[in-house]
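Heads up, the thing below is written out as structure tokens.
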Amino acid sequence: MLARIFFCFAGLLVSISLNPGNSMAQDREATPAVVNPPLSSSLRQTLSLDGDWDFATDPSNVGEQQKWFEPGIPLPNKTSLRVPGCWEAQGVGGPGNSKPFTPERSIRPLGGSYMGAAWYRKEASLPASWARKQIWLKIGGVHAQGWFWVNGTYVGHDARYCGSYKYNITDLVKPGERVVVAAWARNDVPSRKGLMGWIERFGGLYRSVELEATSSVLLDDVWVVGDLDARKATVHIKVRSTAQSRDREGASSTAASAQEPSDASIDILIKTLDGAPAGKASGVVRLATNGIQDAILVTTLDPFRPWSPEEPNLYLAEVVLKQNGNPVDGWIERFGVRKWEVRGSDFYLNNHRFFIRGFGDDHIYPLTLSSPPSRDIHKKHLALAKSYGFAYVRHHTHCEVPEFYDAADEVGIMVQPELPYYGPTPSAGSLEYFDPKKDLEELYIHYRRHVSFATYCTGNEGHLGSPIDREVYQFAKNLDPTRLVLHQDGGANHKDNSDFHQGLHIPWAPGTQDSSWPFDAHEYLNLATDEDPRLAEKYTGAVNAPVSEDSFRKKLSKTGLSWEWAMATLDAGNQLQSIYQKRGLEQARLDPTCGGYIYWTIVDVGSPSAQGLFNQFWETKASTAAFFRQFNSPTVILARFGRSADSLIGAKQIPIFTSGQSMNVQWLASAFGSQAIRGHALFCRLKGKEGGSLSGQLPPVEIIQGEVKPIGDFVFEAPAVTKPAIFKLVAAFEDSSISNSWNLWIFPKMNRNTETGKRITATSSVFAALKQRYPALQELALGAASPSPPLEEGAGESTHSSQPHADSLSAATDLLLTDQLDAQAINAFDAGKNVLLLKLPGIAPGVELGWWTIGPQAGTAIAKHPAFGDFPQDGFLNELWFRLLGHTVSAEDPVFRDVDPLMVGRGSKGYLIHVFQAKAGKGKLLASGLDLLSNNPESVWLLDQFIRYSRSPEFRPEGKFDPRNTLNTRKEK
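Shown next, in the form of structure tokens:
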């Protein structure tokens, strides 16, 4: 996203000293740890410390001095808090607004708003069976920073970017006895975790805390790298020897630890997830004294099942470490095999061209604030995203928790985490936190085990600077050649610092982007609508409802609109999102050089708009999964109407036709499934909701995998209809699930006779526009200038007007058509006539949603009302209305508070009325800002409906309007 909010270095907030106090000796060695793994070996013994912890805030930062970490020192004002979970989600500090410090931020109302220091303490019993074991404290995650003690002894400080770490505490504990773990957490200090603090720099232990017992020689880390072409797996093993660790009596913790290093053996068994053997390997490792020894073992995989989003196959590597033939430690590692690369100007996955169907994620968790450390929750979310066709996610300037990657491995979603930098600025603020190589290496070490981890990125929309940009790129490629590298998403990406670059964030014409190397669309579409107060009751956790029903009604009260109208405009905004989702993604796929897009975003960010595909609770809006998959699957059928290269950009291509009109559809396929399309015919059918259909077939085609290719034209004549009708054009490949559909509108040919327009009078400008359409239309005869009426009630004496006025309308005239409420119209009202006003003086909101922020158009609702007759409208702004939409009046203007609105929009200018009716003096008014004077079929037909209604007994408005508040004298604010 664009960094419109500039970062302020909040030195005052971090002025409290972070220097170690007297209680803090030197940090113990912190080594990488896997906390809460999806699977674990029976040779490992783990004690979870999750659950209730004693908790106390420390706003004056006296806890360290008063030794709140000591087991015997009571915590003042102690309460209980759940771990894992941030304290804001548990109400600490009471309600208040968030105080984020990231360069981009979202201020939201919170249920808990405490910012400062706090203490956690947990007492547990160590199993007696852990005697003569090495015992480790494992910290899943603390934010923003944390300091840890065990039984009153300082262990270490955690202020890291993304890793989980463990500390050897063997000498501090006694198996069979109680152990007390204390943590001092602060959220008033800088955080390296980037956009995890988008809403709030939350505080607390947000992932699990564990105690673990191992042998003195242990498997310190295991990860597997697959080789797709060789069909092999390389198992990387780090074996740690703790020879110098001391037990509680000061003696060496094992007899073996006092000996010279010896050999250990490693056995590896590879299985598929369903338990079938798939490979094995074994080897011997020479142990180091109190250190790490690396071992690498290779095995062939049979059966060979590569990992991809379409088929997320995983294997299990069961690793057993033995000494003297006896198992001493074990590890179970899940892994997948995939090959992710660029070749020339294309992305390739597993030797096939790949189209990135990605979504953006801004770390939005209204219930928990911090990402839930739950594989099940993330699997549910990612499975929903995948059901909509997505295969890739970008995490804006942050790295998700490991449980997210576990879920992505299983579901089949490729992940692009990002370092926490905006250009060269660390999200933590101070330049002392600028160390992209260190951050990237930490990301590699802790997440290399995940096959879903696809792409490194150093930040958002900027440039680290040179030559550090090239150095980081080479560092990443040397460290990990199995993944792609992007310098900064939407930033200064060049061929010497990135594997690919970004195109536009809005639809573009094919062939206008730099296709000499791969690109995808950055933060694509970002379709801004308003937040919905009907969701308020769902905000029961960390984040309070951003828009309550009361606050929403208060704003609404400035208008004369009902609650139902307001809700209809919100729903209409979701429908308009759905329309542009289809148009935008299809337009990107029409460009054969485009490598993909990152749809922005998967859920509503909320500030500054609700622009997500889903709301913040991962609930659907207007687009269903079946609808969305039509244009967001590996292979998609595309259509160009009229063979226009930029056919779907903005509102340029409108699928509206007249009976008998020749319709030409050029069919294309964007074929990025795992297989080529061979010998499949394309069937197409045009079907009306009320009957009538046409069908056609194109010969069997052959489309190479990874190709965007025209496959033929379908030319037909728009069917005859007696009234406007909506049709669905469906195209599908035979014997496949690949299909797509489009709504088309077909209008009858207009038949006019010499009587058309009889008993209707029009002012001169309207008469000039409509005299050919309505042969019997009469032009209003003009008289001499006369005093005009006051503009408003109590406006004082009349003033002389230079405008001509009407002679009395003929008694035979039923209706006056005019484009302004001037003296002619007011005379008509005074005569008890009906007036159809064809122009409004306010803003024209257009039909396109804002990008990221709310624009003038955020949804327009249309009443199911007799005024629209048989016009085939669905109650919301869609392509049928794109050429019709014109000017409006503000619903907040007191002049219009009492009218009957028939078409209402919302957006950055508030509520806007497009069409309304009202009693006006002795007459009646139907007013429209729509473009009804053009010769487009929808304009012609809708004007006919308005004229019919205005002359019918159904024209019985309840609302009121003072015609002397002349519209064309009022200016929109």
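Take the sequence shown: its letters are residues 1 to 973, numbered as in our numbering.
Just so it is clear, CB atoms sit at the ideal spot from N, CA and C, and this is done for glycine as well.
Just tell me which of the options has its CA closest to the CA of residue i.
| i | options | result |
| --- | --- | --- |
| F355 | W618, G595, L777 and F961 | G595 |
| K280 | A288, G291 and P303 | P303 |
| R334 | S950, L933 and V225 | V225 |
| P366 | W618, P634, V472 and F882 | W618 |
| D361 | S371, R353 and H352 | S371 |
| L729 | S695, L932 and P700 | S695 |
| S810 | A823, N827 and D819 | N827 |
| P481 | F404, R448, R240 and T512 | R448 |
| S113 | F101, K122 and V92 | V92 |
| E975 | W667, Q575 and I135 | For the chain, the structure presents residues 1 to 973; residue 975 sits outside this window and is missing. |
| L840 | H914, L877 and F475 | H914 |
| G336 | A295, S387, S452 and F434 | S452 |
| N751 | D735, I760, P775 and N740 | P775 |
Return the CA-CA distance between residue i and residue j, expressed in angstroms with no decimal places.
| i | j | result |
| --- | --- | --- |
| Q45 | G330 | 10 Å |
| I73 | G152 | 10 Å |
| S42 | D220 | 16 Å |
| E210 | A542 | 25 Å |
| F767 | R105 | 55 Å |
| E471 | S498 | 11 Å |
| P953 | A918 | 15 Å |
| F390 | F955 | 49 Å |
| Q26 | K166 | 15 Å |
| S674 | T455 | 21 Å |
| D830 | P957 | 17 Å |
Can you find the residues in the same chain that come closer than 7 Å, C-beta to C-beta, to residue i, ignoring five residues on each side of it along the sequence?
| i | result |
| --- | --- |
| S516 | S345 |
| G490 | N460, E461, Q502, H522 and E523 |
| L384 | W618 |
| D469 | H463, H487 and N497 |
| R160 | R192 and E442 |
| S736 | H680 |
Short of 6 Å in beta carbon distance, which residues of its chain neighbour residue i, apart from the five on each side in sequence? Order them along the chain.
| i | result |
| --- | --- |
| S215 | V328 and D329 |
| Y597 | D520, A521, Y524 and A588 |
| T559 | A891, E892 and Y911 |
| A233 | V224, G226, T299 and L301 |
| S607 | S106 |
| P592 | V708 |
| D604 | A610, G612, N615 and Q616 |
| E341 | Y348 |
Can you list, in chain order, the residues of its chain with a C-beta nearer than 8 Å to that of residue i? Leave out the 5 residues immediately preceding and following it.
| i | result |
| --- | --- |
| G660 | E717, A718, A720 and K749 |
| K909 | I843, P845, P856, S890 and E972 |
| H446 | P32, C162, G163, S164 and P402 |
| S765 | D819 |
Residue i and residue j look like a contact to me (Cβ under 8 Å); what is the Cβ gap, rounded to whole Å?
| i | j | result |
| --- | --- | --- |
| E200 | K99 | 7 Å |
| H143 | C86 | 7 Å |
| S262 | L287 | 6 Å |
| I704 | A681 | Not quite, the Cβ-Cβ distance comes to about 18 Å (not below 8 Å), so this is no contact. |
| R357 | G706 | Contact doesn't hold; Cβ gap of about 14 Å is too wide. |
| D58 | G116 | 7 Å |
| D530 | L570 | 6 Å |
| P76 | W130 | Not quite, the Cβ-Cβ distance comes to about 33 Å (not below 8 Å), so this is no contact. |
| F475 | L440 | 7 Å |
When DSSP builds the beta bridges, which residues end up paired with residue i?
| i | result |
| --- | --- |
| K919 | K924 and K960 |
| G96 | L110 |
| L342 | Before going on, a small fix: residue 342 reads as Val here, not Leu. Bridge partners of V342: F347. |
| G156 | F148 |
| V603 | F614 |
| Y315 | T272 and F335 |
| W198 | None; W198 has no bridge partner. |
| R394 | G360 and Q416 |
| C457 | L486 |
| A281 | I268 |
| A183 | Y120 and F148 |
| I746 | F657 and A725 |
| M663 | F716 |
Relative to the ligand MG, is the shortest distance from any of its heavy atoms to the C-beta of residue i smaller than 7 Å?
| i | result |
| --- | --- |
| W742 | Ligands are entirely absent from the displayed structure, and the ligand MG is therefore not among its contents. |
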